[in-house]
Amino acid sequence: MGVVILLVMAAGVALMLTRRLPTAFALVLLAVVIAFVAGAPLTGKNSVLDTVLQEGAPTLAATMIAIILGSWLGKLLDETGIAGTLVRKIVEFGGDRPTVVTLGVLAVSALVGTVTGSAPAAMLAGIIGIPAMIAVGVPKVTAAGTVLMGIAVGIPFELPVWQFFSTALNLPIPTVRGFMVKLFPFALAAALAFVLVETRRSGTEHAWSLKSVEATPRSRREQLGDAPWYALLAPAVPLVLALGFELAIIPSLLAGVLYALITTTRPGGMNKRLLRTLYGGFEVAAPPIALFIAIGILLAAVKLPGTVDALEPLVKAVSPHNPVLFVLVFTLLVPLCLYRGPLNVFGLGAGIAGVLIAAGIYPAAAVLGMATSYNQVFGVADPTSTQTVWSAQYAGVTPQQVMVRTLPYVWAVALGGLCVTAATYL
């Protein structure tokens with residue numbers, strides 16, 4: 010039975026890799042088939058309809074709300090000019106010094122990455138940042154990679170990600186927060202190394218294939234002007250509240266939304282801007298929400314007693330418990346989180362994580378360490394992730410070129426995270 014379930018999972022990966030089905034649809038289909046193979050009845054306790062579909066779909070509801078609020082704040086950062094002003098100030102400060110401009114865009118990308126992820130974060134930092142870097146001679150691949158590496162620096166402090174891992178792995182927020190803080194130095198060191206090494210190794214390349222970097226900023230200035238300096242603190246407000254004051258995630262994000270609104274909008278225009286950006290946030294949040302519904306359904310399927318009983322012997326046989334072997338094996342398996350592979354936590358990897366915890370193979374905190382370490386790789390180097398595709402295409406290169414250049418750096422981040430996991434939880 011366990012072998013059949015593994016074959017079903019492999020078929021699901023094939024469907025996602027070949028794009029025969031969108032990831033969310035493939036995960037739901039996979040969950041239903043796994044449940045039937047595991048002997049689940051159609052209705053009743055531990056059933057396909059009542060347990061997997063009905064109870065599984067809203068499992069990650071708190072994460073979905075956090076995603077909506079993060080997307081809402083991201084739309085506000087865009088519409089009010091906060092994100093654009095941050096990037097422009099960095100570009101103006103850096104002048105014609107490629108390394109300074111690149112480090113500045115990296116910092117803004119990290120800040121934006123704490124608010125929202127995926128393509129919206131890349132757009133907020135990259136629409137102005139990528140042309141600015143290319144204009145001062147930064148190679149196109151390095152420019153795209155810088156935005157992505159910056160977002161990866163922000164991922165350990167992205168509040169919706171905290172909520173996702175807390176709910177999916179049934180861990181308290183303080184546990185998730187504690188490991189993310191430990192993961193952050195590795196992400197920061199890798200990003201700084203990427204900028205310093207790649208800008209020097211490749212030299213300067215003056216390419217003018219993109220629009221002038223000033224075109225969008227001038228248009229924005231004419232419409233809105235630069236956001237006031239105190240409004241530029243908006244992306245940091247949720248982080249300070251959640252990390253410094255340990256406020257709950259949803260109130261922290263709401264506080265960020267209100268701060269961005271109050272510091273940039275006259276009272277008479279607040280209602281319209283609130284509604285407009287909220288509706289825009291729903292549009293941005295729709296794809297990840299659909300994915301999280303599917304992940305919740307998959308988690309419900311892999312936690313069924315029949316699934317756990319079938320997979321437990323097989324997974325135990327191949328899961329190393331020696332800390333050194335744990336680090337070695339799972340570091341070598343890093344590429345399996347690319348191309349929507351089986352260790353991608355926003356895909357089949359969520360199901361595998363559920364099996365590891367439900368079968369008692371690893372503590373939930375150890376699975377957290379492994380999953381978040383892989384997420385650092387997926388968020389930067391996966392050629393199928395939306396932020397990688399957007400950044401590469403906007404810079405005028407292919408996602409595969411970005412993957413080749415960034416993978417060694419994020420692989421090192423994963424190694425660091427796995428070492429911390431083994432030393433702390435095994």
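Sequential numbering of the sequence shown, starting at 10, is according to our numbering.
Don't be surprised by glycine CBs; every beta carbon is placed ideally from N, CA and C.
Kindly list the residues whose CB is nearer than 7 Å to the CB of residue i, restricted to its own chain and excluding five residues on each side of it in sequence; keep chain order.
i	result
ALA224	Low per-residue confidence applies at ALA224: pLDDT is 41, beneath 50, and the placement is therefore not dependable, though the value from the model is reported in the following sentence. Once the five neighbours on either side are set aside, ALA224 has no close Cβ partner at all.
LEU307	LEU36, LEU39, ALA40, ALA359, GLY360
ALA44	VAL57, VAL61, ALA310, LEU313
ILE74	ILE259
Considering just the uninterrupted stretch of the alpha helix (DSSP H) at residue i, what are its terminal residues?
i	result
PHE291	279–311
ASP59	Looking at the DSSP string, ASP59 is not in any alpha helix (DSSP H), and its letter there is neither H nor E.
ILE164	Unbroken run through ILE164: none, as it is neither H nor E.
ASN384	373–390
ASN138	Sequence inspection shows Gly at residue 138; the Asn mentioned does not correspond to that position. Where GLY138 is concerned, the enclosing alpha helix (DSSP H) stretches over 127–144.
ALA49	From DSSP, ALA49 is part of no alpha helix (DSSP H); its letter is neither H nor E.
CYS428	408–434
ILE370	Element bounds for ILE370: n/a, residue is neither H nor E.
LEU120	107–122
LEU85	70–88
THR397	395–404
ALA198	182–210
LEU263	258–271
MET10	First-last for MET10: undefined, no H or E at that position.
THR94	91–103
TRP171	168–177
ASP318	314–327
Just the C-alpha distance for residue i and residue j, rounded to the nearest angstrom, thanks.
i	j	result
PRO297	VAL311	21 Å
VAL398	THR111	20 Å
LEU24	LEU347	15 Å
ARG229	GLU88	At ARG229, the pLDDT of 45 sits below 50, so the modelled position is not reliable; the number obtained from the coordinates is stated separately. Spanning the two alpha carbons is a distance of roughly 9 Å.
GLY7	LYS84	Outside the shown range of the chain, which is 10 to 435, sits residue 7, and nothing can be said about it.
ARG414	GLY277	48 Å
ILE302	ILE76	12 Å
VAL249	GLU255	8 Å
PRO344	TYR239	42 Å
VAL317	GLY48	12 Å
SER382	THR340	10 Å
LYS191	MET10	39 Å
LEU69	LEU180	13 Å
LEU157	ARG29	27 Å
SER394	ASP235	31 Å
Measure from the alpha carbon of residue i to the alpha carbon of each residue in the options, then state which is nearest.
i	options	result
VAL246	GLY93, ALA264, GLY65	ALA264
ALA443	GLN409, GLN396, THR433	No answer is possible for residue 443: the residues shown for the chain start at 10 and end at 435.
VAL114	GLY11, ILE74, ALA92, PRO129	ALA92
GLY21	ALA431, GLY79, MET10, VAL37	VAL37
ALA374	ALA119, VAL411, GLY11, MET189	MET189
PHE291	GLY79, ALA70, PHE45	GLY79
GLY356	LEU250, ALA19, LEU82, VAL13	ALA19
VAL1	ILE258, ILE137, LYS98, THR208	The structure shown does not extend to residue 1, since the chain is modelled only from 10 to 435, so the question has no answer here.
PRO332	ALA432, PRO244, TYR418	ALA432
LEU95	HIS330, ALA71, ALA116	ALA116
ALA152	THR208, GLN172, ALA119	THR208
ALA134	SER400, LEU416, TYR418, LEU427	SER400
Quick one: what's got a C-beta closer than 8 Å to residue i's C-beta in the same chain, skipping five residues either side?
i	result
LEU205	THR108
MET412	LEU347, ALA390, ASP391, PRO392, THR397
PRO237	THR272, THR273
GLN409	PRO392
Take residue i and list the residues in its own chain whose beta-carbon comes closer than 6 Å to its own, dropping the five residues that flank it on each side.
i	result
VAL13	VAL46
VAL429	LYS191
TYR434	PRO372, ALA374, ALA375
Three-pair Cβ contact test at 8 Å for the segment 286–304 versus the segment 94–111
no
Check whether the segment 143–156 and the segment 257–275 touch, using three or more Cβ-Cβ pairs below 8 Å as the test.
no
Between the segment 321–331 and the segment 361–377, can you find at least three pairs of beta-carbon atoms closer than 8 Å?
yes
Touch check for the segment 165–177 and the segment 113–131: three-plus C-beta pairs under 8 Å?
yes
Counting pairs of Cβ atoms below 8 Å between the segment 380–388 and the segment 64–71, do you hit three or more?
no
Using a Cβ distance threshold of 8 Å, determine whether the segment 408–425 contacts the segment 190–200, with at least three qualifying pairs required.
yes
Would you be able to state if there are at least three C-beta pairs under 8 Å between the segment 404–411 and the segment 360–367?
no
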